[in-house]
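First comes the structure, then the notes that go with it.
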């Protein structure tokens, strides 16, 4: 049998999407003008689906730092840090990052996906048990599968459900690792960290929080949900990405655990990937400085998020999260309607993300916006106005 | 101890909300392929099964658990005193 034949139904699904307009899952941006503007199909479009929370991708200091590293260290590292050595830049970044995160140790990975793969599969092995939230990101699921650990899934954001499953698994023989996310990527909701920490104190486990969408965004110091909740000492391991608030690519894991550095010899995603390029490392290091010295970015992001959240609410759109968050997901009745609306929004001048099952929780279809500190109030109002024109023109879009 | 048929009847009730095409359920029904439900829905269904029988079913064994009959075996093996 043809090895790719199993994807035939996917071809049909994709064909249906293309019959309704552009390739919503493979959009081409011809020029990117700023964190919030690009040229698509010859037209300037407002970007509202980039995860560019701090709007730092065009920051002059970051660009300058990247250019200097490119000139001083070349285009790439051409190998992994284990086999081919680290550049001083990597070690500098890990030091800066540990300082920013207020952790003793930090390890840099080449992508955010690999940060989860390396951390979770590095921490947990076949004799351990990982408890993961049902709505976890795919990188967490993949990491869990790679770890070989026993995997128990608990109901999304439900600490009681986790407790019930911990009680059932009283015979866990090895370590127990619970994995949560600061902000969940599809609905934009946060983990109720206090409740999970209470369960941790009662049952005992090690806690990893993926702050991919919350680093830079939440907390007085921008360190994420645990910072905001005042519970950093209860979180054993923090994972995050450089591709969102830091405006680059790569990821990290950090901890105060005395043996944490051993992940450098156990995390295969770290050991067998080429290390991040000099320019990337340098821009991230500068981005950390920016995040530390410009808390107004976080305030602006919060302001923009609230404005969009309340604007959408007043239109009567069904949002997947009750509290304002930089991720604002609008629920749409079905896949064809979501595809049609996504196309109409793009034609009208705004780019958002389309999110479809099985990539979404509970089989829902979403038009997902991510807000940036770089959006002006006028941008936010324009996005609200375009949703009003486009989405409300199709009343059946909102019915289930 | 529950019989295969009793477990099967419970599984059929639990899977019905996911069986949107209303496929007729047999013991040899392939949960994902025959019911055309995605991986996330399979995991959601299994979570219901865990709660119904008060057992844990690690995700690791789902790869080997294709049919309702396979799942009956998993439940039997994990129910205490069964």
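Protein chains in written order, with the working numbering: chain A, 91 to 490; chain B, -8 to 73.
C-beta: ideal position from N, C-alpha, C; glycine also.
Note that the structure is a prediction, hence the values are computed from the model and not measured.
Runs of beta strand (DSSP E) wholly within the segment 408 to 466 of chain A (minimum 3 residues, chain order): 417 to 422, 443 to 445, 455 to 460
Report, in whole angstroms, the separation of the C-beta atoms of residue 446 of chain A and residue 455 of chain A, which I expect to be a contact under 8 angstroms. 6 angstroms
Beta strand (DSSP E) runs contained entirely in the segment 276 to 322 of chain A, provided each spans 3 or more residues: 296 to 300
Across the segment 310 to 321 of chain A and the segment 276 to 288 of chain A, are there enough close Cβ pairs to call them in contact, namely three or more that are closer than 8 angstroms? yes
Using 10 angstroms around the beta-carbon of residue 443 of chain A, count the other beta-carbons present and answer buried if the total reaches 16, otherwise exposed. buried
Chain-ordered chain B contacts of residue 265 of chain A [CB-CB under 8 angstroms]: Chain B residues near residue 265 of chain A: none, gap ~15 angstroms exceeds 8 angstroms.
Can you give me the Cβ contacts of residue 101 of chain A inside the same chain, cut-off strictly under 8 angstroms, excluding the 5 residues immediately before and after it? none
Any C-beta of chain B within less than 9 angstroms: which residues of the segment 441 to 459 of chain A qualify? 447, 448, 449, 450, 451, 452, 453
Can you tell me whether residue 347 of chain A is helix, strand or coil according to DSSP? coil
According to DSSP, is residue 360 of chain A part of a helix, a strand, or is it coil? helix
So that I know if they touch, is there some Cβ in chain E lying closer than 8 angstroms to that of residue 66 of chain B? The structure shown has no chain E; the protein chains it does contain are A and B.
Pick out whichever of B:29, B:68, B:21 has its Cα sitting closest to the Cα of residue 452 of chain A. B:29
Residue 269 of chain A versus residue 203 of chain A - alpha carbon distance: 15 angstroms
Are the CB atoms of residue 335 of chain A and residue 307 of chain A within a distance shorter than 8 angstroms? yes
Taking 8 angstroms as the CB-CB cut-off, is residue 19 of chain B touching chain A? no
Assuming residue 338 of chain A contacts residue 370 of chain A under a Cβ cut-off of 8 angstroms, what Cβ separation, rounded to an integer in Å, is found between them? 5 angstroms
Below 8 angstroms on the Cβ atoms is my guess for residue 437 of chain A versus residue 488 of chain A; work out the distance and round it to an integer in Å. Contact flag wrong, Cβ pair sits at about 20 angstroms.
At a Cβ cut of 9 angstroms, what residues of the segment 30 to 45 of chain B count as close to chain A, listed as they run along the chain? 30, 31, 32, 34, 35, 37, 38, 41, 42, 45
For residue 357 of chain A and residue 209 of chain A, the rounded distance between their alpha carbons: 6 angstroms
Tell me which residue opens and which closes the alpha helix (DSSP H) that residue 43 of chain B is part of. 30 to 44
To the nearest angstrom, report how far apart residue 327 of chain A and residue 344 of chain A are at their CA atoms. 6 angstroms
Can you tell me whether DSSP reads residue 332 of chain A as helix, strand or coil? coil
Any C-beta of chain B under 8 angstroms from that of residue 240 of chain A: yes
Which of the three DSSP states, helix, strand or coil, is assigned to residue 127 of chain A? strand
Does the segment 365 to 379 of chain A come close enough to the segment 222 to 231 of chain A to have 3 or more Cβ pairs within less than 8 angstroms? no
For residue 47 of chain B and chain A, any beta-carbon pair shorter than 8 angstroms? yes
Anything in the segment -3 to 17 of chain B with a Cβ closer than 8 angstroms to a Cβ of chain A? List those residues in chain order, please. none
Could you work out which residues of chain A lie near residue 50 of chain B, taking near to mean beta carbons separated by less than 7 angstroms? 241, 243
Who are the Cβ neighbours of residue 256 of chain A in its own chain at under 6 angstroms, not counting the five residues just before and after it? 293
Name the one or two DSSP bridge partners that residue 341 of chain A has. A:199, A:331
Which of helix, strand or coil does DSSP assign to residue 379 of chain A? helix
Give the residues of chain B in contact with residue 200 of chain A, contact being defined as C-beta atoms less than 8 angstroms apart. Under the 8 angstroms cutoff, chain B gives no residues; its nearest Cβ is about 27 angstroms from residue 200 of chain A.
Using a beta-carbon distance below 8 angstroms, is residue 23 of chain B in contact with chain A? no
Look at the alpha carbon of residue 10 of chain B and the alpha carbon of residue 21 of chain B, and state the distance between them as a whole number of angstroms. 12 angstroms
Along the beta strand (DSSP E) that carries residue 221 of chain A, what are the first and last residues, could you check? 219 to 223
Same chain, Cβ closer than 6 angstroms to residue 397 of chain A, five either side skipped, listed in chain order: 470
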